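Numbered per this note's numbering, the sequence shown spans residues 24 to 267.
Note that the Cβ used here is the ideal one computed from N, Cα and C, for glycine as well.
Bear in mind the structure is a predicted one, so any value in this text is a computation, not a measurement.
Here's the structure, in structure tokens; my notes come after.
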Amino acid sequence: MAMELWTSPTPNGWKVTIMLEELKEAGVALPEVKLVPIDLFQRQQFSDAFTEVSPNQKIPGLRDGDKTIMESCAILLYLAEKYPSPLLPTDESRWDAIQWLFWQAAGVGPTFGNKLSYTRYMDDIPMEQKEHPLQRFNNEAQRLLRVLNRQLEGRDYICGDGLTIADIAAYPWVRGWKWSKVDITGHANVVAWVDRVRARPAVERGLSYDFAQDEIDSWSEETRKRYASGGASIASNESIASVS
Ligand SMILES: N[C@@H](CCC(=O)N[C@@H](CS)C(=O)NCC(=O)O)C(=O)O
Numbered sequence: 024m025a026m027e028l029w030t031s032p033t034p035n036g037w038k039v040t041i042m043l044e045e046l047k048e049a050g051v052a053l054p055e056v057k058l059v060p061i062d063l064f065q066r067q068q069f070s071d072a073f074t075e076v077s078p079n080q081k082i083p084g085l086r087d088g089d090k091t092i093m094e095s096c097a098i099l100l101y102l103a104e105k106y107p108s109p110l111l112p113t114d115e116s117r118w119d120a121i122q123w124l125f126w127q128a129a130g131v132g133p134t135f136g137n138k139l140s141y142t143r144y145m146d147d148i149p150m151e152q153k154e155h156p157l158q159r160f161n162n163e164a165q166r167l168l169r170v171l172n173r174q175l176e177g178r179d180y181i182c183g184d185g186l187t188i189a190d191i192a193a194y195p196w197v198r199g200w201k202w203s204k205v206d207i208t209g210h211a212n213v214v215a216w217v218d219r220v221r222a223r224p225a226v227e228r229g230l231s232y233d234f235a236q237d238e239i240d241s242w243s244e245e246t247r248k249r250y251a252s253g254g255a256s257i258a259s260n261e262s263i264a265s266v267s
């Protein structure tokens, strides 16, 4: 039976599509993966069918036979364990990848995500109410970038010479820095790492799922408008009680 990936073209979604392509690149014979697009602008994340796959009502979600998995980093770990490859080493160094994976899930994702929301998706909120969160999330994002920059000193990838699930988790958030307006340009190792990861053919393929290939690096005005106007649904506070 095919695996099903319920997802959207957003940073948390790209983690999994990049992972699938990097596994193929590593020579893993993956079963067929059926893509089930979730239109967040149409609030499909709140449908009963998707809630079965992801009780948290956020993409991505994976169904593999009887097993359903939510949370992008849990999906990365699931795929990495099920299909062994250098993306998650089997020796002691696996803990390097796992700790940086959790660092992304607990720090980079929420911080960059919140900075993005206040920067792009809350135009109806007066600036004086946004100033504090904007500053707080920007400061924390800059702190995380300093941590990442230090970790990348003398290393091509977060855990050393080879790409791991730690890079796959962090990259989609950091690459979107122009959209979230988190300036990475003062962190030379991070800038070089973003370019290095982007140059990988599997990453290019992973970023193209259900998304126009010629807009991977630079969105058209129309796409920017669509994300800006519908972004509030991507970072919604819809109550779980409102599910019909
Ligand atoms: N911690 C979750 C975060 C997932 C998440 O925030 N997904 C966003 C898209 S990037 C989403 O589904 N938003 C819809 C909503 O908030 O209603 C993960 O890593 O999977």
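{"Asked": "For residue 90, the nearest candidate out of 169, 81, 199 and 77 (CA to CA)", "Found": "77"}
{"Asked": "Reduced DSSP category for residue 228 - H, G, I as helix; E, B as strand; rest coil", "Found": "helix"}
{"Asked": "Beta-carbon spacing of residue 144, residue 229 below 8 Å", "Found": "no"}
{"Asked": "Cβ of residue 80 within 8 Å of any chain D Cβ", "Found": "Chain labels in this structure do not include chain D; a single protein chain is all it has."}
{"Asked": "Inter-residue Cα distance where the pair is residue 98 and residue 213", "Found": "25 Å"}
{"Asked": "Distance CB(residue 125)-CB(residue 141) smaller than 8 Å", "Found": "no"}
{"Asked": "Span of the alpha helix (DSSP H), counted from its first residue to its last, around residue 48", "Found": "34-48"}
{"Asked": "Cβ-heavy atom distance, residue 55 to ligand 1, below 7 Å", "Found": "no"}
{"Asked": "Neighbourhood of residue 134 by C-beta, 7 Å cutoff - its chain only, sequence neighbours within 5 removed", "Found": "160, 163, 164 and 167"}
{"Asked": "8 Å contact criterion, which residue 64 and residue 203 should meet: CB distance rounded", "Found": "With a Cβ gap of about 19 Å, residue 64 and residue 203 do not count as contacting."}
{"Asked": "Per-residue DSSP class, three states only, for residue 208", "Found": "coil"}
{"Asked": "Near ligand 1: residue 32 beta-carbon under 7 Å from a heavy atom", "Found": "no"}
{"Asked": "Span of the alpha helix (DSSP H) around residue 170", "Found": "150-174"}
{"Asked": "Supposed contact pair residue 130 and residue 35 - C-beta distance, whole angstroms, cut 8 Å", "Found": "About 14 Å; that fails the 8 Å criterion."}
{"Asked": "Residue 198 versus residue 61 - alpha carbon distance", "Found": "22 Å"}
{"Asked": "Cβ pair residue 152, residue 192 closer than 8 Å", "Found": "no"}
{"Asked": "Pairwise C-alpha distance: residue 47 and residue 225", "Found": "8 Å"}
{"Asked": "Of the residues 139, 169, 75 and 123, the one placed nearest residue 156, counting alpha carbons only", "Found": "139"}
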